[in-house]
Amino acid sequence: MTGLIMLAGVNAFAQKKAEKFEKLEIEMFPKAKEGFKQVYIQLPVAKNENDLKVEFFVGAEKLLDCNKHFLMGNVKTQDLQGWGYNYYEVESTGETGGTLMACPDQKKTKKFVTLQPEIVRYNSKLPLVFYVPKDLEVRYRILRPDTKMKSAVQR
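So for the sequence shown, the numbering used here puts the first residue at 18; every next one is plus one.
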């Protein structure tokens, strides 16, 4: 009996903690081209969404040396004709560029190397839809403002 009460308590806590999402509709977006995949981000409903931003990163895990690396390619914003929505097409062969410092230990570590990150407005009513080469992935983070505004220094 105690286990049942504890389980009910955990369930209630999980439901209270659960984020609320708008109904997701992505059927109007085109299908992915050969060699590409469609991925999307669905953001939870949030208070003051106008204060939030989303920073997204398109990249891949690679074994890299001590240099600073970046993925070569770009992200193009496309208009979903007749809907007024945007989606993102990624053009990249997966090649990386980077600095040319000498790495004394020649040790390679696994790193997530990305294209230039982009920041877009937060909108829980619309998914962020991406078409990326099959070997790349999309990661994101939500950017929140400080609670207080700060004043600039005057001279």
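Ideal placement from N, C-alpha and C gives every residue a C-beta, glycine not left out.
(request) On a CA-only basis, which of Asn84, Pro162 and Asp163 is nearest Lys124? Give me that one, please. (result) When Asn84, Pro162 and Asp163 are compared, the shortest CA-CA separation from Lys124 is found for Asn84.
(message) Starting from Thr131, trace the beta strand (DSSP E) in both directions and tell me its first and last residue.
(response) Thr131: member of the beta strand (DSSP E) spanning Thr126 to Thr131, first to last residue.
(message) Going by beta-carbon coordinates alone, are Leu143 and Tyr102 separated by less than 8 Å?
(response) The Cβ atoms of Leu143 and Tyr102 sit closer than 8 Å to each other.
(request) Using the Cα positions of Gln95 and Asp163, report the straight-line distance between them to the nearest angstrom. (result) Taking the straight line from one Cα to the other gives about 32 Å.
(message) Using the three-state DSSP reduction, which class does Asn67 fall into: helix, strand or coil?
(response) It is helical.
(request) Could you check what DSSP says for Ala77 in three-state terms: helix, strand or coil? (result) Ala77 falls in the strand class under three-state DSSP.
(message) I'd like to confirm the pairing. Which residues does DSSP put opposite Glu15 in its beta bridges?
(response) Missing from the structure shown is residue 15; the chain here goes from 18 to 172 and no further.
(request) For Phe38, count neighbouring Cβ atoms within 10 angstroms of its own Cβ and tell me buried if that reaches 16, exposed if not. (result) With fewer than 16 other Cβ atoms within 10 Å, it is exposed.
(message) Tell me which residues share the same chain as Leu69 and place their Cβ nearer than 7 Å to its Cβ, disregarding the 5 neighbours each side in the sequence.
(response) The residues are Ala63, Tyr139, Ile159, Leu160 and Arg161.
(message) I'd like to know if the region 44 to 64 and the region 109 to 124 are in contact, where contact means that at least 3 CB-CB pairs between them fall below 8 Å.
(response) No: the two stretches stay apart, fewer than three of their Cβ pairs being nearer than 8 Å.
(message) Please report the straight-line C-alpha distance between Leu21 and Leu145, rounded to a whole angstrom.
(response) Since pLDDT at Leu21 reaches only 46, below the 50 mark, its modelled position is unreliable, and the value read off the structure follows with that caveat. Linking Leu21 to Leu145 through their CA atoms gives a straight-line distance of about 40 Å.
(request) Please classify Thr110: is it buried, with 16 or more other beta-carbons within 10 angstroms of its beta-carbon, or exposed? (result) Classification for Thr110: exposed.
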